[in-house]
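*Asks:*
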Amino acid sequence: DDLEEECTQLVSWGIERSWLDRDLLRVLVPLALSDSAIGGEIKSTGVAQYVDILVDRLRRAGDESHSSEQLDDLARTIAGLSLSFGFMLPSLFGQNRHRAKKTALAMAENAVRDLKGSNHRESAHPAFKPTKVPLAAEP
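According to the numbering used here, the sequence shown is numbered sequentially starting from 72.
1. Does the stretch 170-181 come into contact with the stretch 141-161, if we say contact requires no fewer than three beta-carbon pairs (one atom in each stretch) closer than 8 Å?
2. Helix, strand or coil: how does DSSP classify His-137 here?
3. Taking 8 Å as the threshold (C-beta atoms), are Thr-79 and Ala-179 in contact?
4. In the structure shown, what three-state DSSP assignment does Ile-86 receive?
5. Candidates Asp-127, Arg-131, Glu-140: which alpha carbon is nearest Ser-189's?
6. Looking only at its chain, what residues have a beta carbon closer than 6 Å to the beta carbon of Val-183, apart from the 5 residues adjacent to it on each side?
7. Give me the Cα-Cα distance between Gly-133 and Asp-94, rounded to the nearest whole angstrom.
8. What is the C-beta distance between Ile-86 and Ser-153, in whole angstroms, given that I count them as a contact (C-beta under 8 Å)?
9. Quick check on Asp-144: does DSSP put it in helix, strand or coil?
10. Note down, in chain order, each residue of its chain lying with its Cβ closer than 6 Å to the Cβ of Val-126, except the 5 sequence neighbours on either side.
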């Protein structure tokens with residue numbers, strides 16, 4: 072399937088990008104824990120800066136049944152998997168990079184399958200409308 076292939080390709084690229092940025096991330100992540108403004112720096116250096124491009128690529132690879140919100144969520148999932156499995160697990164927790172990548176790719180495939188399943192459930196049950204739980208307001 073084109074969307075699944077594109078998603079796994081983007082996760083693979085994102086993991087490699089996060090690994091290449093690991094020296095910068097090793098400096099920025101601890102600083103971001105005490106200064107939220109630094110979080111913007113992490114966002115601007117990693118895959119997260121490309122969310123709009125990821126959404127566009129996913130839209131071209133998928134079909135018309137996926138909403139912009141669903142594709143945006145999938146793109147942010149890709150960015151999160153990229154940082155977590157490309158930098159956090161190998162650098163902070165010493166997990167084997169190749170094992171981490173394999174796990175992230177499996178999770179990306181599952182995310183696409185879940186997306187397809189949610190579209191099917193929504194069309195099969197028009198009364199079903201998933202709701203998002205709002206996050207608590209930041210202090």
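Backbone N, C-alpha and C define an ideal beta-carbon position, used for all residues, glycine too.
*Replies:* Answer, in terms of the structure:
1. Touching, yes.
2. Collapsing the DSSP output to three states places His-137 in coil.
3. Yes, the pair counts as a contact, with Cβ atoms nearer than the cut-off.
4. Note: Ile-86 maps to helix in three-state DSSP.
5. Checked all of Asp-127, Arg-131, Glu-140; the closest Cα to Ser-189 is Glu-140.
6. Result list for Val-183: Leu-74, Glu-75, Cys-78, in chain order.
7. The alpha-carbon atoms of Gly-133 and Asp-94 are separated by roughly 35 Å.
8. Here Ile-86 really is in contact with Ser-153; their C-beta atoms are around 5 Å apart, less than 8 Å.
9. In this structure, DSSP gives Asp-144 a helical state, which the three-state scheme calls helix.
10. Setting aside the 5 residues that flank it on each side, Val-126 is surrounded in the same chain by Leu-142, Asp-143, Ala-146, each with a C-beta closer than 6 Å to its C-beta; the list follows chain order.
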